[in-house]
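Visitor:
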Amino acid sequence: MLSWLRDKLLRDQRHTTMVKTFTTAIGLLGIALMAALYSSSMGRDGRVLAAGISALIALSIALWVGFRFVPRLAASVDWDWLPFISRYHITREGWIYFAAVSVVIFAAINTSNNLLYMVLSALLAVLLLSGFLSGLNFGNLRLDIRIPSNCFAGEPFPISIQVHNEKKVFPSFSLNFEPPEENAFRFSSFYIPVVRAQRHVTQAGQAMLNRRGRYLVNQIKSASRYPFGFFVKDKKYRVEAECICYPAILPQERINFSVLDIQGENQRFERGFGYDLYTIRDYLPADSARHVHWKASAKAAVLKTREYAAEENRRIVLAFDRFGRPGDTEEFERLVSHTASLAYHLINDDVEVALVSDDWRTGYGTSEALLESILHYLALVNMSAAAEPPDAPEAGLRMSLRNG
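Using my numbering, read the sequence shown as starting at 631 and increasing by one per residue.
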């Protein structure tokens, strides 16, 4: 709720700033227009000095608006609503083509040769055709991206992109897809040679996130050199996907389990399903034949069965402390990763784990749901200099930077 309110306030502030900039620019351009009209009037009356000063003022104001305000307004506009709008980058082949066009223009002007003008017209027509086909190539495409709801930092995970061509007739050619540069989400580039009209193409690959957290994928960039390779044109498409990146899990070899105070390593002397022998008794129909003690049965001339001592549940509390100073970011990330690794390996080893922090806690358990809840918490937890020490038993393992 707080993040939504903060984002709304930022959007309102940017909107207010843009309105003020636009209003100021319009006002200054109005003054420049009046100065230009006054200069024209003075020129007709023969007052050259007044006309020159007015024209200089109008020109200065127009240049100031163009330098000071136009870039701000252009940067604040979302151009994606315009048809075929995208960015162009001239390739090496494109520069060679422009150089050839420049030579033909120079030759045509100097020689007044009609054949050169015809060649120039054809070259310019190719440029116009290139822009039109490139825009048509990107039109009416819809993208869907599929990623898992969670992953581990530093580990690749599957990803698929589905491209729908909703055009009635024209196919789309030579499409490259990659994440936007400002997005921390990274995946292998996808290349699709052709998507026929009213069809879709799906490609699978791998992606990876290097840091824990919540990642929203809301746009994907597509680029293409189609049709002639003179330009690389790209356009961003909106998608919707979310992934929770769990902390990196360290291998067991890098974790010292000998320092853990795991309660319940011994057998309890009562009936159960452990491994130590508790007693030998008469066999009952409900007993398993695997537990029949044949030697005792032969001596007593009746079937005897083994009964085992119950094993104590092994359990441990991980007391996670969110405390950290502004300069402890990397140490805190290592602490989070170490805590997640302990929980992951202990639960997979059937040790009952409970995680306790100052703002969150779990009960004991070894279930997959418990592990996912612990990893989800550790994926989103934030360091805080005001965090209180976790209220955990003395026997728990304390994970903290407080004394570091």
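The beta carbon of each residue, even a glycine, is placed where N, CA and C say it ideally should be.
Secondary structure at Ile1004, three-state DSSP: helix, strand or coil?
Guide: Stepping through the sequence shown from its first residue, residue 1004 is reached at position 374. It is helical.
Visitor: Between the C-alpha atoms of Leu754 and Leu771, what's the straight-line distance to the nearest angstrom?
Guide: Position 124 of the sequence shown, counted from the first residue, corresponds to residue 754. Position 141 of the sequence shown, counted from the first residue, corresponds to residue 771. Between Leu754 and Leu771, the C-alpha separation is close to 28 Å.
Visitor: So what's Asn744 in DSSP terms, helix, strand or just coil?
Guide: In the sequence shown, counting from the first residue as 1, residue 744 sits at position 114. Helix.
Visitor: Can you say whether Met748 is buried or exposed, counting buried as having 16 or more other CB atoms within 10 angstroms of its CB?
Guide: Within the sequence shown, residue 748 is the residue found at index 118, counting from 1. That one is exposed.
Visitor: To which residues of the same chain is Arg829 closer than 7 Å at the C-beta, ignoring the five residues directly before and after it?
Guide: Your numbering for residue 829 matches position 199 in the sequence shown. Excluding sequence neighbours, Arg829 sits near Asn795.
Visitor: Count the other CB atoms within 10 Å of the CB of Asn965; is the residue buried (16 or more) or exposed (fewer)?
Guide: Counted from its first residue, the sequence shown places residue 965 at position 335. For the record, residue 965 in the displayed sequence is Leu; it is not Asn. Result: buried.
Visitor: Who pairs with Met1029 in a beta bridge, going by DSSP?
Guide: Taking the sequence shown and counting its residues from 1, the one referred to as residue 1029 is at position 399. Phe950, per the DSSP bridge assignment.
Visitor: Classify Lys798 as helix, strand or coil using the three-state DSSP reduction.
Guide: The count along the sequence shown starts at 1 and reaches residue 798 at position 168. In the structure shown, Lys798 sits in coil (DSSP, three-state: anything other than H, G, I, E or B).
Visitor: Could you check how far apart the C-beta atoms of Arg842 and Pro788 are, in whole angstroms? I think they sit under 8 Å.
Guide: If you number the sequence shown from 1, residue 842 lands on position 212. If you number the sequence shown from 1, residue 788 lands on position 158. Contact doesn't hold; Cβ gap of about 19 Å is too wide.
Visitor: May I ask you to list the residues that DSSP assigns as paired with Phe820?
Guide: Walking along the sequence shown from the start, residue 820 turns up at place 190. Paired residue(s): Phe807.
Visitor: So what does DSSP say about Leu839, is it helix, strand or coil?
Guide: In the sequence shown, counting from the first residue as 1, residue 839 sits at position 209. Coil, per DSSP.
Visitor: Could you name the residues of the same chain whose beta carbon sits closer than 8 Å to that of Thr721, not counting the 5 residues immediately before and after it, in chain order?
Guide: For the purposes of this step, residue 721 is taken as residue 91 along the sequence shown, with counting starting at 1. Once the five neighbours on either side are set aside, the close Cβ partners of Thr721 are Arg855, Gly859, Phe860, Phe861, Val862.
Visitor: So, using beta-carbon positions, are Ala970 and Cys875 closer together than 8 Å?
Guide: Taking the first residue of the sequence shown as 1, we reach residue 970 at position 340. Taking the first residue of the sequence shown as 1, we reach residue 875 at position 245. In this structure, Cys875 does not lie closer than 8 Å to Ala970 by Cβ.
Visitor: Could you tell me which whole alpha helix (DSSP H) segments of length 4 or greater appear in the stretch 728–795?
Guide: Counting whole runs of 4 or more residues, the stretch 728–795 contains the alpha helix (DSSP H) stretches 744–768.
Visitor: Using alpha carbons as the reference points, say which of Val734, Arg944, Asn740, Arg945 lies closest to Ser1046.
Guide: With the chain covering 631 to 1034 only, the question about residue 1046 has no answer from this structure.
Visitor: Is the CB-CB distance between Ser987 and Phe953 below 8 Å?
Guide: As a first step, residue 987 is located in the sequence shown; it is residue number 357 there, counting from the start. As a first step, residue 953 is located in the sequence shown; it is residue number 323 there, counting from the start. No, Cβ-Cβ distance for Ser987 and Phe953 is not below 8 Å.
Visitor: So if DSSP puts His975 in a beta bridge, which residue, or which two residues, is it bridged to?
Guide: Position 345 of the sequence shown, counting from 1, holds the residue named residue 975. Answer is none; His975 lacks a bridge partner.
Visitor: Does the beta-carbon distance from Ala666 to Ala680 come in below 8 Å?
Guide: To locate residue 666, count along the sequence shown from 1; it is residue 36. To locate residue 680, count along the sequence shown from 1; it is residue 50. No.
Visitor: Which value, in whole angstroms, describes the spacing of the CA atoms of Asn740 and Tyr727?
Guide: Sequence index remark: in the sequence shown, residue 740 carries index 110 (1-based). Sequence index remark: in the sequence shown, residue 727 carries index 97 (1-based). One C-alpha to the other measures close to 20 Å.
Visitor: Would Met1013 and Asp958 be called neighbours here (beta carbons separated by less than 8 Å)?
Guide: In the sequence shown, residue 1013 corresponds to position 383, counting from 1. In the sequence shown, residue 958 corresponds to position 328, counting from 1. Result yes, Cβ atoms of Met1013 and Asp958 sit closer than 8 Å.
Visitor: Count the CB pairs spanning the stretch 925–939 and the stretch 992–1004 that are closer than 8 Å, and state whether there are at least three.
Guide: No, because fewer than three Cβ pairs between the stretch 925–939 and the stretch 992–1004 fall closer than 8 Å, the two stretches do not touch.
Visitor: Classify Ser1035 as helix, strand or coil using the three-state DSSP reduction.
Guide: Residue 1035 lies beyond the residue range present for the chain, which begins at 631 and ends at 1034; the question has no answer from this structure.
Visitor: Considering only residues of the same chain and omitting the five flanking positions on each side of Thr654, which have a CB-CB separation below 8 Å?
Guide: Start at 1 with the first residue of the sequence shown, and residue 654 comes out as number 24. Closer than 8 Å at the Cβ level, and outside the excluded window around Thr654, lie Phe699.
Visitor: So for His968, helix, strand or coil by DSSP?
Guide: Your numbering for residue 968 matches position 338 in the sequence shown. Helix, per DSSP.
Visitor: Roughly how many angstroms lie between the CA atoms of Ala940 and Thr909, to the nearest whole one?
Guide: Counting from 1 along the sequence shown, the entry for residue 940 is found at position 310. Counting from 1 along the sequence shown, the entry for residue 909 is found at position 279. Note on Ala940: pLDDT 47, under 50, position unreliable in the model; no value is reported.
Visitor: Taking Asn806 as the reference, which of Ile822, Lys798, Asp917 has the closest Cα?
Guide: Within the sequence shown, the letter at position 176 stands for residue 806. Selected option, being the one with the closest Cα: Ile822.
Visitor: Pick helix, strand or coil for Thr647, following the three-state DSSP scheme.
Guide: As a working mapping, residue 647 is identified with position 17 in the sequence shown. Of the three classes helix, strand and coil, the one that applies to Thr647 here is helix, per DSSP.
Visitor: Which residues does DSSP list as the beta-bridge partners of Phe861?
Guide: Position 231 of the sequence shown, counting from 1, holds the residue named residue 861. In the DSSP output, where bridge partners are listed per residue, Phe861 has Ile720.
Visitor: Secondary structure at Ser987, three-state DSSP: helix, strand or coil?
Guide: Along the sequence shown, read from residue 1 onward, the residue named residue 987 stands at position 357. Correct three-state label for Ser987: coil.
Visitor: Beta-carbon within less than 8 Å of Asn981's beta-carbon, same chain only, minus the 5 sequence neighbours each way: which residues are those?
Guide: Translated into positions along the sequence shown, residue 981 becomes position 351. Reading off the sequence, residue 981 comes out as Val, not Asn. Correct list, in chain order: Ile892, Arg944, Arg945, Ile946, Thr996.
Visitor: Considering Cα atoms alone, identify which of Leu659, Ile683, Ser684 is closest to Trp694.
Guide: Residue numbering aside, residue 694 sits at position 64 when the sequence shown is read from its first letter. Closest by alpha carbon: Leu659.
Visitor: Should Glu895 go down as buried or exposed, given a rule of 16 or more other Cβ atoms within 10 Å for buried?
Guide: Start at 1 with the first residue of the sequence shown, and residue 895 comes out as number 265. Legend: pLDDT at Glu895 = 47, less than 50; position of this residue unreliable, value from coordinates given subsequently. The residue in question, Glu895, is exposed, as its Cβ has fewer than 16 Cβ neighbours within 10 Å.
Visitor: Taking the alpha-carbon positions, what's the Gln836 to Arg776 distance?
Guide: Numbered from its first residue, the sequence shown carries residue 836 at position 206. Numbered from its first residue, the sequence shown carries residue 776 at position 146. Rounded to the nearest angstrom, the two C-alpha atoms are 11 Å apart.
Visitor: May I ask which residues mark the beginning and end of the alpha helix (DSSP H) holding Ser690?
Guide: The residue labelled residue 690 in the question sits at position 60 within the sequence shown. 678–698 is the span of the alpha helix (DSSP H), which, as asked, contains Ser690.
Visitor: Quick check: Gln849 and Arg868, are their CB atoms within less than 8 Å of each other?
Guide: Working through the sequence shown from its first residue, we reach residue 849 at position 219. Working through the sequence shown from its first residue, we reach residue 868 at position 238. Yes, the pair counts as a contact, with Cβ atoms nearer than the cut-off.
Visitor: Look at the alpha carbon of Glu870 and the alpha carbon of Ala783, and state the distance between them as a whole number of angstroms.
Guide: As a working mapping, residue 870 is identified with position 240 in the sequence shown. As a working mapping, residue 783 is identified with position 153 in the sequence shown. Approximately 21 Å between the Cα atoms of the pair.
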